[in-house]
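So the sequences go chain by chain: A and B. In the numbering used here, each residue carries its 1-based index in the first sequence increased by 458. In the numbering used here, each residue carries its 1-based index in the second sequence increased by 965. What follows is a single structure, written as structure tokens, with notes after it.
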Amino acid sequence: MHFFRITLKNSMVYRWPILLSIASSVLYIAISLMLWRFLYRETPDMVSYMTKYTIVSNIIGMFYARGIAGRIGGKVSSGAFVTDLIRPINIFSMSWQMELAGICSSFLLSGLPIILVYSPFLIMNSGYYNFPAVLLAIILGHVLFLLIYALLGFSAFILIEIWPFGRLLDDTIRLLAGGFIPLAILPSFLRTLAYAMPFRFLYSFPLELLFGTADMSNLFENFVLIMVWICVFAILNIVMYRFALKKAVVQGG
Amino acid sequence: MEFLKIYGSYVRMFFKARMEYRFSFFSGMFANFYCYFITYTTFWVITQQFGTIEGWTFEDMTILYGLVLFTYALAGVLFWYNVLHLEQEITSGRLDGYLIRPMGLIKQLVCSRFGDTFLGQILVTLIFMIMAITRISYQMTVFSYIYLILAVLGGVLIQAGAMILFGSLSFWMLRSNALADILYFDLRTFVHYPLSIFPPFIRIILTYVLPWAVINYYPSLIILHKVQTTEEFILGILSPVIGILFFLLSLFVFNRGLRHYSGSGS
Chain A
459 MHFFRITLKN
469 SMVYRWPILL
479 SIASSVLYIA
489 ISLMLWRFLY
499 RETPDMVSYM
509 TKYTIVSNII
519 GMFYARGIAG
529 RIGGKVSSGA
539 FVTDLIRPIN
549 IFSMSWQMEL
559 AGICSSFLLS
569 GLPIILVYSP
579 FLIMNSGYYN
589 FPAVLLAIIL
599 GHVLFLLIYA
609 LLGFSAFILI
619 EIWPFGRLLD
629 DTIRLLAGGF
639 IPLAILPSFL
649 RTLAYAMPFR
659 FLYSFPLELL
669 FGTADMSNLF
679 ENFVLIMVWI
689 CVFAILNIVM
699 YRFALKKAVV
709 QGG
Chain B
966 MEFLKIYGSY
976 VRMFFKARME
986 YRFSFFSGMF
996 ANFYCYFITY
1006 TTFWVITQQF
1016 GTIEGWTFED
1026 MTILYGLVLF
1036 TYALAGVLFW
1046 YNVLHLEQEI
1056 TSGRLDGYLI
1066 RPMGLIKQLV
1076 CSRFGDTFLG
1086 QILVTLIFMI
1096 MAITRISYQM
1106 TVFSYIYLIL
1116 AVLGGVLIQA
1126 GAMILFGSLS
1136 FWMLRSNALA
1146 DILYFDLRTF
1156 VHYPLSIFPP
1166 FIRIILTYVL
1176 PWAVINYYPS
1186 LIILHKVQTT
1196 EEFILGILSP
1206 VIGILFFLLS
1216 LFVFNRGLRH
1226 YSGSGS
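Have a look at this one:
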């Protein structure tokens, strides 16, 4: 909890950058909305769907913290990882708490203003379903996202510089998770690729559930699949962590 | 000429140092290549789904986006790391060290870091632009090619000017990156698409307040024979001149800021 509180306080120190980042998020959504409104100008139903899709996907994106890769990777490359080994908390839990605090501050400072600014659009284009399932999907998506990026952080032992791989991951998620472009719009080969990867569970799955377009007969199967992906990445993280401990050489007396 | 020699030495040293970590160097370049490849793929997906965006095909969109990306990458090689991110030099106190050396501050900042990661961007943009130009070659004349080179030069000057301008705001504000994020990066996102699909006030802001549309939109209208008004033609033709003026303005602001600068603290 202490890490959580400290990170929350730190994130609120510089107020101007916070205000500008709110404006930036609002503007980013506005650009996307204008684009979809133009593209679907002849089908009002699709304009309505894409309006809420864009706003909600941006809000969901706040629950996914990519900073854990930098936190862990930074400690690995600076050597601070070694001093964390003597602390009574492991590096993953510590980084996760910090990320959770980051998510809370980001939601309070950026998410709430976005909801406030775009609430008329969200209310106008109502039609929301399956709230408990959506909440569960977002929580599981958060864990999955965290594990993927934590693995990237630990891979700094092998890769040294991880930012290029973080960027590869970000961009793959950008295209194949359905955060900007719904998967239904993708050409079939890209859609097949998206369905073979875990990223669709981050955006596309909760959004389809929320807007009632998900195939409910596959609901249980999809939740099992997310759990399987979470297990896969959890195991990979454990393997990588053990490998890191074996590889680490501590200098000094 | 003297500066080019010095810059060449810095670049050589930079590459020698980077080549010690070849994997990191090439993975960084590849990451940038991949990032913009995905962006082009997004345009392709949208144009596949909707046919065109206000009459702009995928090839047209490639030229529109390519101009903004290519000029950004060329300017970024020189100015992105330490000029646009001048706040890091100021808040870390490193800037004071530059000020006691016998070379202009901007020149030193440019020399201090070569933007190697932009090389991937340049490569991916060139591939897509050449592919697009080959496909629309029926529209290209000798004038188009000459104009394209001038438009790229104008665009580079505007992008470089923007990096200098927003970086120099750190002299007054200490931290200006957040402002650059919204006024430069976010607002520039509009010009990735034809401006005619957005409300008219956006076109006015991006033409007369922050000239990001002059980087690519008006030049693309001329290259792709899409000009409809005299205003569009004049802005397109004058884009290299606007680039020079904007660059000079940014240098003026930078020098004013430097005169105002009195250290970042104790």
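Yeah, the Cβ is synthetic: ideal placement off N, Cα and C, and Gly gets one too. In this text the structure is predicted, and so the values were computed from the model without any measurement.
Buried or exposed: where does residue i fall if 16 or more other Cβ atoms within 10 Å of its Cβ makes it buried?
i	result
B:H1225	exposed
B:L1134	buried
A:N548	exposed
A:D673	exposed
A:N468	exposed
A:Y511	buried
B:M994	buried
B:G1208	buried
B:F1217	exposed
B:L1061	Residue identity check: residue 1061 of chain B is Asp in the sequence provided, not Leu. Exposed is the call here.
A:C689	exposed
B:T1090	buried
B:I1071	buried
A:F669	buried
A:S584	exposed
A:N676	exposed
A:A706	exposed
Taking the straight line between their C-alpha atoms, what separation do you get for residue i and residue j?
i	j	result
B:M1138	A:L477	15 Å
B:F968	A:M492	46 Å
A:Y486	B:Y1112	32 Å
A:W474	A:L566	15 Å
A:S490	A:Y522	20 Å
B:I1011	A:S577	27 Å
A:L605	A:N695	7 Å
B:V1033	A:P546	51 Å
B:S1077	B:W1045	11 Å
A:I513	B:F1150	20 Å
A:T630	B:P1067	46 Å
B:V939	B:T1036	Coverage of chain B is limited to positions 966 through 1231, which leaves residue 939 of chain B absent and any answer about it impossible.
A:M556	A:M655	27 Å
B:L1064	B:G1020	52 Å
B:V976	A:L598	47 Å
B:F998	B:N1220	35 Å
Please report whether the beta-carbon of residue i lies at a distance below 7 Å from any beta-carbon of chain B.
i	result
A:M685	no
A:F496	yes
A:R658	no
A:I688	no
A:D503	no
A:M492	yes
A:E679	no
A:E500	no
A:S564	no
A:S482	yes
A:R649	no
A:R473	no
A:E557	no
Compare the C-beta of residue i against all C-beta atoms of chain A and say whether one is closer than 7 Å.
i	result
B:T1154	yes
B:Q1014	yes
B:Y1149	no
B:D1081	no
B:A1125	no
B:S1161	no
B:D1061	no
B:I1003	yes
B:D1146	yes
B:G1222	no
B:S992	yes
B:S996	For the record, residue 996 of chain B in the displayed sequence is Ala; it is not Ser. So, interface residue.
B:S1141	no
B:Y999	yes
B:S1185	no
B:S989	yes
What residue does the alpha helix (DSSP H) around residue i start on, and which one ends it?
i	result
B:H1225	1204 to 1225
B:I1028	1023 to 1044
A:R529	525 to 536
B:T1004	987 to 1015
A:A481	473 to 497
B:M966	Note, B:M966: premise wrong, no alpha helix (DSSP H); not H, not E.
A:P664	662 to 668
B:F1093	1083 to 1100
B:G1062	1059 to 1064
Hey, is residue i close to the ligand NAD, as in C-beta under 6 Å from one of its heavy atoms?
i	result
B:I1170	Although the ligand NAD was asked about, the structure shown includes no ligands whatsoever.
### Task
Give, in chain order, every unbroken run of the alpha helix (DSSP H) that is at least 4 residues long and sits entirely within the region 546 to 631 of chain A.
Taken in chain order, the unbroken stretches of alpha helix (DSSP H) that lie wholly in the region 546 to 631 of chain A and span 4 residues or more are 549 to 564, 570 to 582, 589 to 612, 614 to 617.
### Message
Restricting to runs no shorter than 4 residues, where is the alpha helix (DSSP H) found entirely within the region 1128 to 1195 of chain B?
### Response
Counting whole runs of 4 or more residues, the region 1128 to 1195 of chain B contains the alpha helix (DSSP H) stretches 1135 to 1138, 1142 to 1145, 1165 to 1169, 1177 to 1188.
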